[in-house]
Ligand code: UDP
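Numbering (the numbering used here), first residue to last: 34 to 441.
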């Protein structure tokens, strides 16, 4: 067995890797393509970064293609993202034209690869029209929705579904997100990769240097949220919770760690709102990290006492699993995929308001034993449910089912 598969076996167990080898054996040599709209930033890029090499290691010829566009395209797809998460955003015909033209332009380059592929996963709305632009496709195409689409704004979903309906299947992170579609829909939650720099074990020296780099006081408690500067991640709500905690635990420090994704044009505006809300409190550390700051994020998640993900809407929230894998009970917004990860009172706490978050933060800081026990449960829960080996096993099973269906 290769070094890579051995390494997965050490963390996820022998059965997990055996199972992957069995499922991939009939797919050896098949051409598999993933398509999304950014190579850096955000959860999809995070997943593909390791899943693509693992698939190749298993003998499936896998490539990762990224579509690109101009400002209007990203404005359109960000509005679509917000609308699928429930915002009543009307998208102008001018922006929709940019969406369609950008997909048509990208199809010119990608068509040979996509039409020749045996299996294609199109991630999220950005590249959804590609299927309609590859009339001679020979493979199975599946649309993967990473977004909390439980209550999409109907006009935008109606527009998008004209592209999605023709896929062979689609898959979502949660049953609540499934839609009216004429094909089978599957549930496959995402995962983290335990071998990735973001999640691997770190030395104490690496953690120590992170305290120094960001001027954090290791003798005082630290609360952290890692996420893009996006309103649905509720960074302002995190600052409100911090201010409430500060009244009874004045030594608390807050770290908001984020960066941009190249397909997210709203980040700067939200960052400004966050800075305004933080004012001149020197215990609030607002970090703007480069896209490859994986070890830094890993270290921040390890050195923090409390990790939050106070999202108002969340497709899954990889940052929750990442922190749980580091033995942290996470305080998360009671929404979407966060509910799948946080088993309330066992692997963390689900909260609806900044006040609720503040109460739980205080409760954990005042009960270190409870915090440790919940953190232990959180880590085991991730090992069983949210590692990349389980994720890939379910994706390969999905395509095996589709193959079997067409044979029969
Ligand atoms: N992330 C990062 N740098 C940042 C902010 C986030 O590398 O500045 C990572 C984070 O660790 C996680 C992913 O980006 O792996 C975000 O995925 P998630 O599902 O939490 O949210 P999304 O951005 O996809 O909505």
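Ideal Cβ placement from N, Cα and C applies to all residues, glycine included.
Because the structure is a prediction, the values reported are computed rather than measured.
Residue pairing by DSSP puts residue 289 in a beta bridge opposite 258, 319. A straight-line Cα-Cα distance of about 40 Å links residue 256 and residue 125. Non-local C-beta neighbours of residue 397 in its own chain, meaning closer than 7 Å and more than five positions away in sequence, comprise 339, 362, 403, 404, ordered along the chain. DSSP places residue 365 in the uninterrupted beta strand (DSSP E) bounded by 363-366.
Secondary structure within the segment 183-247: the alpha helix (DSSP H) runs of 4 or more consecutive residues, fully enclosed, are 187-197, 237-246 (chain order). Within 10 angstroms of the beta-carbon of residue 347 lie 16 or more other beta-carbons, which makes it buried. Nearest in C-alpha terms to residue 181, of all of 153, 223, 274, is 223.
Taking a contact to require three or more Cβ pairs closer than 8 Å, the segment 380-392 and the segment 242-249 do not qualify as touching. Set against 7 Å, the gap from the CB of residue 352 to the closest heavy atom of ligand 1 is smaller.
When C-alpha distances from residue 217 are compared across 207, 230, 203, the shortest belongs to 203.
Short of 8 Å from the beta carbon of residue 303, and not among the five residues preceding or following it, lie these beta carbons of its own chain, in chain order: 262, 263, 264, 268. With a cut-off of 7 Å, the C-beta of residue 231 is classified as near ligand 1, since at least one heavy atom of the ligand falls inside that distance. Looking only at 170, 297, 210, the smallest Cα-Cα distance to residue 201 is reached by 170. Contact annotation: the segment 129-146 touches the segment 102-117, with at least three C-beta pairs closer than 8 Å.
Inclusion of residue 431 and residue 175 in the CB contact set at 8 Å is warranted, their separation being smaller than that value. The Cβ-Cβ distance between residue 163 and residue 154 does not fall below 8 Å. Cα atoms of residue 168 and residue 161: separation of roughly 14 Å, rounded to the nearest angstrom. DSSP places residue 69 in the strand class (E or B) of the three-state scheme. With contact defined as three or more Cβ pairs closer than 8 Å, the segment 298-313 and the segment 417-425 are not in contact. Annotation for residue 210: 182, 183 place their beta carbon closer than 6 Å to its own, counting only its chain and skipping 5 residues before and after.
The nearest non-hydrogen atom of ligand 1 is less than 7 Å from the C-beta of residue 260.
Distances between the C-beta of residue 156 and the heavy atoms of ligand 1 are all 7 Å or more. Exclusion of residue 434 from the 7 Å shell around ligand 1 follows from its C-beta lying no nearer than that to any non-hydrogen atom of the ligand.
The Cβ-Cβ distance between residue 354 and residue 374 falls below 8 Å. In this structure, the CA atom of residue 400 is about 11 Å from the CA atom of residue 407. In chain order, 285, 391, 394, 395 place their CB closer than 7 Å to the CB of residue 278, counting only its own chain and leaving out the 5 sequence neighbours on each side. Secondary structure at residue 118: coil, using DSSP grouped into helix, strand and coil. Counted as a single uninterrupted DSSP element, the stretch harbouring residue 53 is not any beta strand (DSSP E) but the alpha helix (DSSP H) occupying residues 47-57.
Residue range 94-99 is occupied by the beta strand (DSSP E) that includes residue 95. Under a 10 Å Cβ-count criterion, residue 325 is classified as exposed, with fewer than 16 other Cβ atoms of the shown protein chains found around its own Cβ. Sequence-distant partners of residue 345 (beyond 5 residues in either direction) whose C-beta falls short of 7 Å from its own C-beta, in its chain, are 265, 267, 366, 368.
Put simply, of 165, 166, 80, 136 the residue whose alpha carbon is nearest the alpha carbon of residue 227 is 80. Counting other Cβ atoms within 10 Å of its Cβ, residue 47 stays below 16 and is therefore classed as exposed.
Residue 321 places its beta carbon 8 Å or farther from that of residue 271.
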